[in-house]
Amino acid sequence: METKDNQSTHPPMNFSSFAEMQKAVDIVGTSRHPTNKIAATIFGTDKDRRPYSISKTNYWPKPIAEKIGTKTRIGNSSGTVHAETACIMAAPYTQGASLCITDPFCPNCAKNIAEAGIRTIYIDHKGFAKDFAERRGAQFSSMSMQICEKAGISVFEMNRKEKQLRPILEIPETFTPREDSPVEVEQFRTADENTFRILIEEQAGHHKGRKFAVAIAKNRRGDVFGLSARSHPAVGYTMQADLDEIENPEGKYSFMQEPVNRLLMHAPRCGLKICGGLLFCSQVPTSREQVNIVGAGLTSITIRSMSKARDDWAFNAMKQLSKAEILTFYEL
10 METKDNQSTH
20 PPMNFSSFAE
30 MQKAVDIVGT
40 SRHPTNKIAA
50 TIFGTDKDRR
60 PYSISKTNYW
70 PKPIAEKIGT
80 KTRIGNSSGT
90 VHAETACIMA
100 APYTQGASLC
110 ITDPFCPNCA
120 KNIAEAGIRT
130 IYIDHKGFAK
140 DFAERRGAQF
150 SSMSMQICEK
160 AGISVFEMNR
170 KEKQLRPILE
180 IPETFTPRED
190 SPVEVEQFRT
200 ADENTFRILI
210 EEQAGHHKGR
220 KFAVAIAKNR
230 RGDVFGLSAR
240 SHPAVGYTMQ
250 ADLDEIENPE
260 GKYSFMQEPV
270 NRLLMHAPRC
280 GLKICGGLLF
290 CSQVPTSREQ
300 VNIVGAGLTS
310 ITIRSMSKAR
320 DDWAFNAMKQ
330 LSKAEILTFY
340 EL
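Numbering (our numbering), first residue to last: 10 to 341.
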């Protein structure tokens with residue numbers, strides 16, 4: 010089925026999804042990636058109903074590009090922040106927003122998009138013909154789309170020239186995904202070290218040895234909030250109902266969403282920005298989390314156990330970023 014833009018109920022008011030896609034297409038060539046140039050535009054309204062539109066390419070954060078370089082992996086992760094993730098972290102408010110992408114998105118970005126509360130994705134039809142898309146097509150068709158279905162995200166293929174949308178996955182707007190372990194948001198009076206320590210100890214008792222992360226964040230008015238999350242499958246998945254699927258992922262990807270990534274994506278879902286120096290994880294974050302921390306403009310993280318991590322690559326990434334004085338790791 011083909012849907013004309015003015016017949017769609019998915020784009021937020023005052024937006025044309027075709028015009029927003031064009032913004033991504035216009036900048037995709039500026040990506041510094043030598044082979045996989047990708048761009049995205051996120052658009053919606055902030056908490057005060059003011060429209061916004063932000064376009065980003067995949068990119069190396071400036072500290073990584075300048076101090077380590079673009080040819081060195083950070084642990085087992087590329088040093089790049091993906092375009093979709095860059096858009097989310099730059100947005101003022103992502104709940105119910107829409108995202109235009111020049112290429113099919115990977116399962117890791119699908120998890121981030123779901124955590125951010127985005128409800129509609131548009132993919133440029135030319136992206137499906139690219140070599141990268143063909144090589145990763147299995148992961149997109151299975152894992153990325155499964156994540157979108159569980160999270161209630163509609164996905165459309167867009168033909169800009171013909172002004173047509175082809176539904177890949179349509180979700181009723183009344184659909185509410187299951188969240189059996191959502192990110193917890195608690196309001197505080199002050200954003201200081203004492204509040205930070207109180208939140209850490211409170212959540213340590215709550216999570217009882219499981220890997221978790223907390224952060225102090227503020228909204229645009231300066232109100233202070235504490236965020237906390239444990240490692241958990243992507244939004245819409247539950248360990249009880251979806252265990253078989255969770256334990257059988259596609260290739261290198263996982264359905265699990267690491268706690269720091271959850272906080273980085275959930276903060277803009279609530280219209281919040283994480284405060285510098287007030288991010289904590291119970292163990293060393295994964296390589297990908299560390300790259301995204303740098304991409305978020307943060308320069309430090311507090312760790313409870315420097316000897317624990319999901320894998321040895323996390324320790325390698327920590328050594329690289331610490332040695333280059335890009336990210337400081339404080340032990341609690």
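Don't be surprised by glycine CBs; every beta carbon is placed ideally from N, CA and C. Just so it is clear, the structure is predicted and the values come from calculations on it, not from any experiment.
In the DSSP assignment, find the alpha helix (DSSP H) that holds Asp140 and state where it starts and stops.
Numbered from its first residue, the sequence shown carries residue 140 at position 131. Segment 140–144, the alpha helix (DSSP H) holding Asp140.
Touch test, the region 235–252 against the region 192–211, Cβ-Cβ under 8 Å, three pairs minimum: yes
Identify the continuous alpha helix (DSSP H) that holds Thr204 and give its terminal residues.
Here residue 204 refers to the residue found at position 195 when the sequence shown is read from its first residue. Residues 202–216.
Query raised in the report: By DSSP, does Cys157 sit in helix, in strand, or in coil?
Result: As a working note, residue 157 is residue 148 in the sequence shown. In the structure shown, Cys157 sits in a helix (DSSP, three-state: H, G or I).
Tell me the rounded alpha-carbon separation between Arg187 and Glu267. Locating residue 187 in the sequence shown gives position 178, counting from the first residue. Locating residue 267 in the sequence shown gives position 258, counting from the first residue. If I take the Cα positions, the gap works out to 18 Å.
Original post:
Since Glu124 contacts Met30 with CB under 8 Å, what's their CB separation in whole angstroms?
Top reply: Along the sequence shown, one-based indexing puts residue 124 at 115. Along the sequence shown, one-based indexing puts residue 30 at 21. About 23 Å; that fails the 8 Å criterion.
Taking the alpha-carbon positions, what's the Asp55 to Gly126 distance? For the purposes of this step, residue 55 is identified with residue 46 of the sequence shown, where counting begins at 1. For the purposes of this step, residue 126 is identified with residue 117 of the sequence shown, where counting begins at 1. Roughly 13 Å separates the two Cα atoms.
Worksheet item: Can you tell me the Cα-Cα spacing of Ile381 and Gly286, whole angstroms?
Response: The chain is shown from 10 up to 341; residue 381 falls before or after that span and cannot be answered.
Spatial neighbours of His91 within its chain, please: CB distance less than 6 Å, with the 5 preceding and 5 following residues excluded, ordered by chain position.
Counting from 1 along the sequence shown, the entry for residue 91 is found at position 82. Counting only Cβ-Cβ distances below 6 Å, and skipping sequence neighbours, we find Asn67, Cys118.
### Query
Going by other Cβ atoms of all chains shown within 10 Å of its Cβ, with 16 needed for buried, is His215 buried or exposed?
Here residue 215 is taken as the residue at index 206 of the sequence shown, counted from 1. Answer is exposed; the Cβ neighbour count stays below 16.
- prompt: Alpha carbon to alpha carbon, how far is Glu179 from Tyr131?
  reply: For the purposes of this step, residue 179 is identified with residue 170 of the sequence shown, where counting begins at 1. For the purposes of this step, residue 131 is identified with residue 122 of the sequence shown, where counting begins at 1. Cα to Cα, the separation comes out at about 12 Å.
*Which same chain residues, not among the five before or five after Ala323, have their C-beta less than 7 Å away from its C-beta?*
Your numbering for residue 323 matches position 314 in the sequence shown. Once the five neighbours on either side are set aside, the close Cβ partners of Ala323 are Gly84, Val293, Pro294, Thr295, Ser296.
Open item on the list: If I measure Cβ to Cβ from Ile63 and keep anything under 8 Å in the same chain, skipping five residues before and after, which residues do I get?
Closed with: As a first step, residue 63 is located in the sequence shown; it is residue number 54 there, counting from the start. So the qualifying residues of the chain are Thr50, Ile51, Phe52, Cys96, Ala99, Ala100.
Report task. Name the two residues that bound the continuous alpha helix (DSSP H) containing Ile127. Result -> What you label residue 127 is simply residue 118 of the sequence shown in a count that begins at 1. Careful: Ile127 lies outside any alpha helix (DSSP H) and carries neither H nor E.
query: What whole-angstrom Cβ distance do Ala326 and Gln299 have, given they're in contact under 8 Å?
result: Sequence index remark: in the sequence shown, residue 326 carries index 317 (1-based). Sequence index remark: in the sequence shown, residue 299 carries index 290 (1-based). That pair is a contact at about 5 Å.
Check: Just the Cα atoms here: how many angstroms apart are Ser151 and Thr199?
Finding: On the sequence shown, position 142 is the one that residue 151 refers to. On the sequence shown, position 190 is the one that residue 199 refers to. Near 44 Å, if we compare the C-alpha coordinates of Thr199 and Ser151.
Quick check: what's the CA-CA separation for Arg313 versus Glu340? The sequence position of residue 313 within the sequence shown is 304, counting from 1. The sequence position of residue 340 within the sequence shown is 331, counting from 1. Their backbone Cα atoms lie some 6 Å apart in a straight line.
Quiz item: Where does the unbroken beta strand (DSSP E) through Ile310 begin, and where does it stop?
Solution: On the sequence shown, residue 310 is found 301 positions in, with the first residue counted as 1. Taken as a continuous stretch (DSSP letters only), the beta strand (DSSP E) holding Ile310 covers 309–318.
Checklist entry - Are the beta-carbon atoms belonging to Ile302 and Leu281 less than 8 Å from one another? => result Here residue 302 refers to the residue found at position 293 when the sequence shown is read from its first residue. Here residue 281 refers to the residue found at position 272 when the sequence shown is read from its first residue. Going by C-beta atoms, Ile302 is not nearer than 8 Å to Leu281.
**Message:** Give me the residue from Gln104, Ala305, Glu93, Lys217 with the minimum Cα distance to Ile110.
**Reply:** By one-based count along the sequence shown, residue 110 stands at place 101. Looking at the Cα atoms, Glu93 is the closest of the given residues.
What's the gap between the Cα of Gln173 and the Cα of Phe205? For the purposes of this step, residue 173 is taken as the residue at position 164 of the sequence shown. For the purposes of this step, residue 205 is taken as the residue at position 196 of the sequence shown. For Gln173 and Phe205, the distance between alpha carbons rounds to 49 Å.
Cα-Cα, which of Gly105, Gln249, Ala318, Pro72 is closest to Thr185?
-> Reading the sequence shown from its first residue, position 176 is the one you call residue 185. Of Gly105, Gln249, Ala318, Pro72, the residue nearest in Cα terms is Gly105.
inquiry  = With a threshold of 8 Å, are at least 3 pairs of Cβ atoms found where one atom belongs to the region 237–256 and the other to the region 152–164?
reply    = Output reads yes: the region 152–164 touches the region 237–256.
Straight-line CA distance for Pro116 to Asp201?
Within the sequence shown, residue 116 is the residue found at index 107, counting from 1. Within the sequence shown, residue 201 is the residue found at index 192, counting from 1. Asp201 has its alpha-carbon roughly 36 Å from the corresponding atom of Pro116.
Notebook entry, point to check: How would you label Gln329, buried or exposed, when you count the other beta carbons within 10 angstroms and need 16 or more for buried?
Noted result: Within the sequence shown, residue 329 is the residue found at index 320, counting from 1. Buried is the call here.
- request: Excluding the 5 residues preceding and the 5 following Ser86 in the sequence, name in chain order all residues of the same chain whose CB lies nearer than 6 Å to its CB.
  value: Locating residue 86 in the sequence shown gives position 77, where the first residue counts as 1. Answer for Ser86: Ser296, Arg297, Val300, listed in chain order.
**Prompt:** Between which two residues does the beta strand (DSSP E) carrying Leu108 extend?
**Reply:** Position 99 of the sequence shown, counted from the start, is the residue given in the question as residue 108. Counting along the chain, the beta strand (DSSP E) containing Leu108 begins and ends at 107–110.
Quiz item: By DSSP, does Cys118 sit in helix, in strand, or in coil?
Solution: As a first step, residue 118 must be located in the sequence shown, where it is residue number 109. Helix at Cys118.
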